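Chains as they are written, first to last, in our numbering: chain A, 9 to 599; chain B, 3 to 284.
Glycine is no exception: its CB is placed at the ideal position from the N, C-alpha and C atoms.
Values in this document were obtained by computation on a predicted structure and should not be read as measured data.
Here the structure comes first, spelled out in structure tokens, and everything after it is commentary.
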């Protein structure tokens, strides 16, 4: 630890030698932390590091059977670990210490109007009149940059997107002007673009009210932008803490360095394909989802998930498909392997249009395409052993004998960095990263020519993400497959993909070779995506936060297509070799 | 720890399993051996007090109560177990087909089930019994029909939710047929709620059989079942309460055992659901 932190009179929060145990198991061991008024402290660590438990213990809300077994937590005049009366803590919560949870879907009560939920705490903790409370609520909603706040008060949570809900959450927590705000992974469930927005708003509101913030997160790069100080947790132990700049540029502890190197992801190494005939060609693909309207008897609402998308993948090439959630990127992947119905368009694989082949021919061709899914906790059958899960990938290969299959499974396990003994285990005995390796092994055992990887690393911890990306790279060199890599994170696809497609609301916005897209992004949406995902970079004095500096494009007067106005005429224009941008109508772009 | 060791390490699992084991043992014993012939009447020895010769005394025809309860256990339990076969088999088949293939079959099935479920199960059984006449096989068929909707609903529901998992799509991508995916990937994952439901249903059927027999629409006398023993005792309940009390206690204890074991099974197999299925919720 670089500095010994001792409590002083000016500290808002002082945690001394804190130990939290679940039965005999200590999940937080001897942690010392202080927070000064108005300061932003980030607590960073992987899942299971005990970072959330610290946040919970400050509120005195540890989930049973967890309890504080040693140490103290002092908040101003109050001893949270030894309250003088049961009501002391209850009055502190909300009034002086606010909490924002990770999951905005479940932290707002779906049966209560937004207004009611916001007023609730005000009525409890203040003596303001109804009219005053209402005014405060409207003012807060304005501060979190929501339009027409008066109307919002009468609406229900389900009418809002995740990002808006999280803003509403911030508004209702900050309405009481707490001295300390604890934000537990407040944006992990959100997209990069929305995440940036929400955190910016949270920072502004906290500053305006002089509220100190404890920001709990697994993502160092995200919190580095906002935190004054960073505390790094590993398996319940505080391994390092200090000012943000210092921790980034001169990390003292090996684990901090490991986290930092994972956040950097290293230099990109795109996997180029071979030239010539493309392996996969998607032409003018459209997918609609129809949902029954409330009076379902009378009609359906059609939602265009994917509109008129064309893309190409060369043999052995890694191609990235990027966009925020709801952009239709996963739907394209699913449509290619017949998991989602196409309305129109053609999928041409290895020179043959799949839908035109005979049924058995189509099956044979489709087996050359495999998928790695996003969530390794739901993509493996919990009742099957690992060996059987992987072996199933070979089920349709009639040529292999039983012992050959067995050997192939063992080889595959070794190839993805697991051991052959794991074949006898069940999925629940494996970590998230190990499960994703199993999913990759299952896809690869049939030696497919194309792998569709649907957000394969976004459910994983940062350090594990880097390992899985490296694994993809190594396996590609050994097996030579092509890959459609779907992700919401530009920096992840940058690592491996030679070319990128940027998707917004079901339409292609921009398509370019990766280096070109990063160097000269044209479309405003691409630029927004780029600036939204922060990364750490090696600067002249150690690591620092890299703001992706985008060249000023004020001179750019091109009339770009805006996906929010979906019904306007749309056209892709080629600006350079392989660089195409969506414009409105017949607008032209000078190369 | 194996599954059974974990199950029996809990108080409700252990007690429930023990109680159920005693009931099953008594039933099996009652099938092959009873102290006296449960049907043989001895009119000179009616309403005998409990004694060494007749442990629980004799009834209004002088038949040995213990022997009748033992044989009655066999009759009730065997009806209960055989009634489980049909709803579980057909319910799994219908529920799986409806939940996985959806479409018109699903809509039709749900419509029929909803109509069936509008009536209490016992009422349906009563109606069917009135048509088929009171006998053992009638009871089995009537109760099977009455409990078919519950199983179908539960299986359909779990097939629907398991189908949402990515491993089901992964199976499709590998080129597996839909039937293979259903049998290999989906159904094994639906087993847990089905096992819990089956256990609970055994208890409900015991109770329903007793109720039918009590109403004279179940197993016809003189063959004993817990329900008709209770029914026959009804007329003499004030002077000889023991005659009615004993079969009542048997039914209650068997049900308690089933419920305790069912709860423990649910905790072990399906910890997220929180509540065991009850007649009201399905």
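In the structure shown, the three-state DSSP call for residue 101(A) is strand.
At least 8 Å separates the CB of residue 58(B) from every CB of chain A. Identification of residues in the region 155-176 of chain B having a C-beta nearer than 7 Å to some C-beta of chain A yields 167, 168, 169, 171, 172, 174, 175 and 176, given in sequence order. At a beta-carbon threshold of 7 Å, the residues of chain B lying near residue 383(A) are 168, ordered along the chain.
Boundaries of the alpha helix (DSSP H) harbouring residue 195(B): 189-216, taken from the DSSP string. Against residue 347(A), the close residues of chain B are 171, 174 and 175, in the order they occur along the chain (beta-carbon pairs closer than 9 Å). At least one CB atom of chain B sits nearer than 8 Å to the CB of residue 404(A). Where residue 23(B) is concerned, the enclosing alpha helix (DSSP H) starts and stops at 13-34. Distance check between residue 143(B) and each of 124(B), 21(B), 198(B) and 157(B) places 124(B) closest, using alpha-carbon atoms only.
At a cut-off of 8 Å between C-beta atoms, residue 187(B) counts as an interface residue with respect to chain A.
Listed in chain order, the beta strand (DSSP E) runs fully inside the region 375-440 of chain A are 377-380, counting runs of at least 3 residues. Not a single C-beta of chain A is nearer than 8 Å to the C-beta of residue 195(B). At a cut-off of 3 residues, the continuous stretches assigned as beta strand (DSSP E) that sit fully inside the region 81-147 of chain A are 105-108. Fewer than three Cβ pairs drawn from the region 94-104 of chain B and the region 226-243 of chain B lie within less than 8 Å of each other, which leaves the two stretches out of contact. Residue 287(A) places its beta carbon less than 8 Å from that of residue 358(A). Interface criterion met: the Cβ of residue 388(A) is under 8 Å from a Cβ in chain B. Within its own chain, the residues whose Cβ lies closer than 6 Å to the Cβ of residue 320(A), once the five positions on either side in sequence are excluded, are 286 and 289, listed in chain order. Going by beta carbons, residue 592(A) and residue 576(A) fall inside the 8 Å limit. Chain B has no Cβ within less than 8 Å of the Cβ of residue 284(A). For residue 190(B), the chain A residues whose C-beta falls within less than 7 Å of its own C-beta are 391, listed in chain order.
Distances from the CA of residue 514(A) to each of 594(A), 376(A), 434(A) and 311(A) were compared; the closest alpha carbon is that of 311(A).
From the listed residues 234(A), 179(A), 574(A) and 254(A), the smallest Cα separation to residue 125(A) is found for 179(A). Here the alpha carbons of residue 188(A) and residue 108(B) stand approximately 54 Å from one another. Taken atom to atom, the span from the alpha-carbon of residue 390(A) to that of residue 512(A) is near 35 Å.
In this structure, residue 130(B) sits near residue 147(B), with a CB-CB distance shorter than 8 Å. When the alpha-carbon of residue 489(A) is set against those of 122(A), 325(A) and 219(A), the nearest one is in 325(A). Counting along the chain, no beta strand (DSSP E) covers residue 263(A); the unbroken alpha helix (DSSP H) around it starts and ends at 262-272. Chain-ordered, the chain B residues with CB closer than 8 Å to the CB of residue 379(A) read 171, 172 and 175.
No Cβ of chain B is located within less than 8 Å of the beta carbon of residue 174(A). For residue 102(B), the number of other beta carbons within 10 angstroms of its own is at least 16, and it is reported as buried. Between residue 371(A) and chain B, the shortest Cβ-Cβ separation is below 8 Å.
For the pair residue 385(A) and residue 102(A), the Cα-to-Cα distance works out to about 35 Å. Nearest neighbour of residue 264(B) by Cα position, chosen from 246(B), 198(B) and 215(B), turns out to be 198(B). The beta-carbon separation of residue 44(A) and residue 51(A), rounded to 15 Å, does not stay under the 8 Å limit for a contact. With a threshold of 16 other beta carbon atoms within 10 Å, residue 483(A) meets it and is buried.
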